[in-house]
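Residue numbers (my numbering), protein chains in the order written: chain Z, 1 to 143; chain G, 144 to 367; chain Y, 368 to 507.
Virtual Cβ for every residue (Gly too), placed ideally from N, Cα, C.
Bear in mind the structure is a predicted one, so any value in this text is a computation, not a measurement.
The structure appears right after this line, and notes come after that.
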Amino acid sequence: MEIKRTLIIEQILRFGLALLFLWAGAAKILSPPDFIQTIESYQLISYSFSVFFAYFIPILEILCGLSILFNKIDLGASMTLLLMMLFFIAAMLQAWIRGLDITCGCFGKSSDQNHSQYLWWIIRDTVILSALVLFIKNRFKII
Amino acid sequence: MKFKLLILSLLTFTTLRAELFWENIFQNYKAGINEPKVDFVYKFKNIGKTNITITKVQPSCDCTFAKISKTTYKPNESGEISVSFDMSARTGLQKKEIRVESTDTKNPVITLVFEVDIPQPFKIVPRLIFWTLGEKISSKKSVITIDKSYDVKFELQEASFHHFFIRLNEIKKDEIYELEVKATDTSHADSISVEIPILIDDKPSKPATIYIEIKDPKQSSSSP
Amino acid sequence: MEIKKIIFQSSLLFCIALVLSLVHYKIDPHRPLLTRTPLLKEEIDLKEALLLNPLWVDSRSDNDYFHGHIPHALPLNEDHWEEQLPIIFNAWNGTQNIVVYCSSQSCHTSKVIADQMRSAGFLNVYVLHGGWESWKLNGR
Numbered sequence: 001m002e003i004k005r006t007l008i009i010e011q012i013l014r015f016g017l018a019l020l021f022l023w024a025g026a027a028k029i030l031s032p033p034d035f036i037q038t039i040e041s042y043q044l045i046s047y048s049f050s051v052f053f054a055y056f057i058p059i060l061e062i063l064c065g066l067s068i069l070f071n072k073i074d075l076g077a078s079m080t081l082l083l084m085m086l087f088f089i090a091a092m093l094q095a096w097i098r099g100l101d102i103t104c105g106c107f108g109k110s111s112d113q114n115h116s117q118y119l120w121w122i123i124r125d126t127v128i129l130s131a132l133v134l135f136i137k138n139r140f141k142i143i
Numbered sequence: 144m145k146f147k148l149l150i151l152s153l154l155t156f157t158t159l160r161a162e163l164f165w166e167n168i169f170q171n172y173k174a175g176i177n178e179p180k181v182d183f184v185y186k187f188k189n190i191g192k193t194n195i196t197i198t199k200v201q202p203s204c205d206c207t208f209a210k211i212s213k214t215t216y217k218p219n220e221s222g223e224i225s226v227s228f229d230m231s232a233r234t235g236l237q238k239k240e241i242r243v244e245s246t247d248t249k250n251p252v253i254t255l256v257f258e259v260d261i262p263q264p265f266k267i268v269p270r271l272i273f274w275t276l277g278e279k280i281s282s283k284k285s286v287i288t289i290d291k292s293y294d295v296k297f298e299l300q301e302a303s304f305h306h307f308f309i310r311l312n313e314i315k316k317d318e319i320y321e322l323e324v325k326a327t328d329t330s331h332a333d334s335i336s337v338e339i340p341i342l343i344d345d346k347p348s349k350p351a352t353i354y355i356e357i358k359d360p361k362q363s364s365s366s367p
Numbered sequence: 368m369e370i371k372k373i374i375f376q377s378s379l380l381f382c383i384a385l386v387l388s389l390v391h392y393k394i395d396p397h398r399p400l401l402t403r404t405p406l407l408k409e410e411i412d413l414k415e416a417l418l419l420n421p422l423w424v425d426s427r428s429d430n431d432y433f434h435g436h437i438p439h440a441l442p443l444n445e446d447h448w449e450e451q452l453p454i455i456f457n458a459w460n461g462t463q464n465i466v467v468y469c470s471s472q473s474c475h476t477s478k479v480i481a482d483q484m485r486s487a488g489f490l491n492v493y494v495l496h497g498g499w500e501s502w503k504l505n506g507r
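Dropping the structure here:
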């Protein structure tokens, strides 16, 4: 019974995470210039690297999503996504601490607005990270 | 088995969702002459399974005013955001946004957009005419171009203000005019604004204002 | 054993992603250049702007201006264009350089306002690269 429950949880997480990262990658791949602007607004890397990652990250997300979905090289895929999420959360935290405006700037820089938006993003990404950890733990019995 | 689990996952995600469906997130409007404002209504419906609360409605500029009658909507309940855009000081194509934040799990932040095409029956370039102190007395000109879809008439031929003489010359009938401004004395700093009365399609319209100065280049700028 | 497997599988995914992203970049008709285009003629960075001792023009909303602006900057935005334009014209001595800024590099308002200022008759109008954010990031 316990094994069955674990398997069900694993499969739900597998499909949920796969679909999530497939969707995330597809959304970014359709508009590299927008993603370049987003990466640049974190002010962590140079423009050239922003262009590189704007093309690289969505494809990596899609590949990892497909790997998890079809159960092929999914250990590497899960760990890659885990590292990526840790990096995204860290990037967001540093942007928040530095008071950077990572939106278009159209709405001014009301601090209330920025704070609530950062908080929402970090909570969201932490939930995804937790789902990844749970999946890896269930699937591969590591962590 | 795997297919069933895929469906189960999708259902799990969908049953937990709170989601707003927006009838239209983009609207546009072509304004008339001297129209002071335009109103838009953005309608939405809660198509999710749980209550949704709209936590913030923020326009992108002070020219846009947005209001909502209440913040929490039950499943299947509809609502709307009323937006009013003040056009008084603007011309040309204006694109403005309103950011809406809510507890919608799929799209917690939505940007409503509107575009308004505000007519510009005529254009004066430049509107600011100046000489520097001691500059040789001369004429300076502004070009007025008329949009042919409007009948624009300027109720000024010649006028004198302080040390300035102004004359309107027709270059091409109903299309291009030249506003000639001559400074008769540039030995003193001076500053005036001239309002030119206008009729558009035979109706009085907001006058066109030009600013004329004799400037002192040694003056240091300071905030008011 | 697991670590070796993780490294191998991750490396494989990285390599495939690298190849595919290069192909995507190559075939994308709207791909950007890998290096940033030089500052537009009208753009100026903060260091150069300070050397000009310019008349600063803040193109953000009145609310943002009220909450903080470059010292001695004057506001000029589309919301209050007709009221603010003559004030700036009066404050400008006819020869001073003018630098317009908005909130950040991603904001286009400063370019719009700068264009409108030139059309109105102002001379030597520049746009601050990086906007108000670059002022703050430089510890000012």
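Open item on the list: Relative to the C-alpha of Q170 of chain G, which candidate in G:F228, G:N312, G:P218, G:V337 has its C-alpha closest?
Closed with: G:F228
TODO: With DSSP as the reference, label K137 of chain Z as helix, strand or coil.
DONE: Looking at K137 of chain Z - three-state DSSP - the assignment turns out to be helix.
Open item on the list: Given this structure, state the Cα-to-Cα distance separating R398 of chain Y from S48 of chain Z, to the nearest angstrom.
Closed with: 12 Å
Task: Residue nearest to P453 of chain Y in terms of C-alpha spacing, selected from G:K180, G:G277, G:Y354 - done: G:Y354
- [ ] With 8 Å as the limit, tell me which residues of the stretch 332-355 of chain G have their beta carbon closer than that to any beta carbon of chain Y; keep them in chain order.
- [x] S334, S336, T352, Y354
Open item on the list: Between T80 of chain Z and chain Y, is the shortest Cβ-Cβ distance under 7 Å, so that the two count as touching?
Closed with: yes
- [ ] Could you name the residues that DSSP lists as bridge partners for W165 of chain G?
- [x] G:F187
- [ ] Give every residue of the same chain whose Cβ lies closer than 8 Å to the Cβ of P421 of chain Y, excluding the five residues on either side of it in the sequence, and list them in chain order.
- [x] Q463, N464, I465, V466, Y493
Open item on the list: Let me confirm a value: L255 of chain G is counted as buried when at least 16 other C-beta atoms fall within 10 Å, else exposed. Which label applies?
Closed with: buried
TODO: With a threshold of 16 other CB atoms inside 10 Å of the CB of T196 of chain G, please say whether the residue is buried or exposed.
DONE: exposed
- [ ] Indicate the three-state DSSP secondary structure (helix, strand or coil) for K372 of chain Y in the structure shown.
- [x] The three-state reading of DSSP puts K372 of chain Y in helix, counting H, G and I together.
Task: Beta carbon of I287 of chain G nearer than 7 Å to that of A174 of chain G - done: no
Task: Residues in the stretch 482-496 of chain Y having any Cβ partner in chain G nearer than 8 Å - done: Correct list: S486, A487, G488, F489.
TODO: Specify the secondary structure class of R14 of chain Z as computed by DSSP and reduced to three states.
DONE: helix
Task: Identity of the residues DSSP links to D97 of chain Z by a beta bridge - done: The amino acid occupying residue 97 of chain Z in the given sequence is Ile; Asp does not appear at that position. Paired residue(s): none; I97 of chain Z is not in a bridge.
Open item on the list: Helix, strand or coil, according to DSSP, for E356 of chain G in the structure here?
Closed with: Note: E356 of chain G maps to strand in three-state DSSP.
Task: Own chain partners of E500 of chain Y with C-beta closer than 6 Å, once the 5 adjacent residues on each side are dropped - done: S471
TODO: Say whether chain Y places a C-beta atom closer than 7 Å to the C-beta of R233 of chain G.
DONE: Flagged as an interface residue toward chain Y: R233 of chain G, by a C-beta distance shorter than 7 Å.
TODO: Under 6 Å Cβ to Cβ from V252 of chain G, same chain only, skipping five residues before and after it: list those, please.
DONE: E244
Task: Inter-residue Cα distance where the pair is S212 of chain G and G235 of chain G - done: 31 Å
- [ ] State yes or no: is the C-beta of K63 of chain Z within less than 7 Å of the C-beta of K372 of chain Y?
- [x] As written in the sequence, residue 63 of chain Z is Leu, which differs from the Lys given in the question. No.
Task: Buried versus exposed call for P32 of chain Z [16 or more other C-beta atoms within 10 Å across all chains shown] - done: Buried is the label assigned to P32 of chain Z, since at least 16 other Cβ atoms lie within 10 Å of its Cβ.
Open item on the list: Using 7 Å as the threshold, is the C-beta distance between A91 of chain Z and Y42 of chain Z below it?
Closed with: yes
Open item on the list: For A481 of chain Y, report the span of its alpha helix (DSSP H) as first-last.
Closed with: 476-487
TODO: Out of Z:I8, Z:A131, Z:A24, Z:D125, state which residue places its alpha-carbon closest to the alpha-carbon of A54 of chain Z.
DONE: Z:A24
- [ ] Check Q362 of chain G in the structure and name its three-state DSSP category.
- [x] coil
Open item on the list: Along the chain, where does the alpha helix (DSSP H) containing A458 of chain Y start, and where does it finish?
Closed with: Residue range 448-458 is occupied by the alpha helix (DSSP H) that includes A458 of chain Y.
Task: Cβ-based neighbour list, I309 of chain G, same chain, cut-off 6 Å, excluding 5 preceding and 5 following - done: The answer, listed in chain order, is A302, V324.
TODO: Report the neighbours of D429 of chain Y on chain G: residues whose CB is nearer than 8 Å to its CB, in chain order.
DONE: D205
Open item on the list: I need the DSSP call for A33 of chain Z, collapsed to helix, strand or coil.
Closed with: Note on identity: in this sequence residue 33 of chain Z is Pro, with Ala being the wrong assignment. Note: P33 of chain Z maps to helix in three-state DSSP.
TODO: Determine the direct distance from the alpha carbon of N138 of chain Z to that of A18 of chain Z, and round the result to whole angstroms.
DONE: Taking the straight line from one Cα to the other gives about 16 Å.
Task: Bounding residues of the alpha helix (DSSP H) (the contiguous stretch that carries I57 of chain Z) - done: 47-69
Open item on the list: Using the Cβ count rule (16 or more neighbours within 10 Å means buried), how would you classify N430 of chain Y?
Closed with: Per the 10 Å Cβ criterion, exposed.
Open item on the list: So the candidates are Z:L81, Z:Q11, Z:Q117; which of them puts its Cα closest to the Cα of L93 of chain Z?
Closed with: The option with the nearest alpha carbon to L93 of chain Z is Z:Q117.
Task: Where the alpha helix (DSSP H) through A232 of chain G begins and ends - done: It is not in any alpha helix (DSSP H) - A232 of chain G carries neither H nor E in the DSSP assignment.
Task: Rounded C-alpha distance that separates F107 of chain Z from E220 of chain G - done: Residue placement at F107 of chain Z is poorly supported in this model, since its pLDDT is 49, which falls under 50; the coordinates still yield a value, given next. Whole-angstrom Cα-Cα distance: 29 Å.
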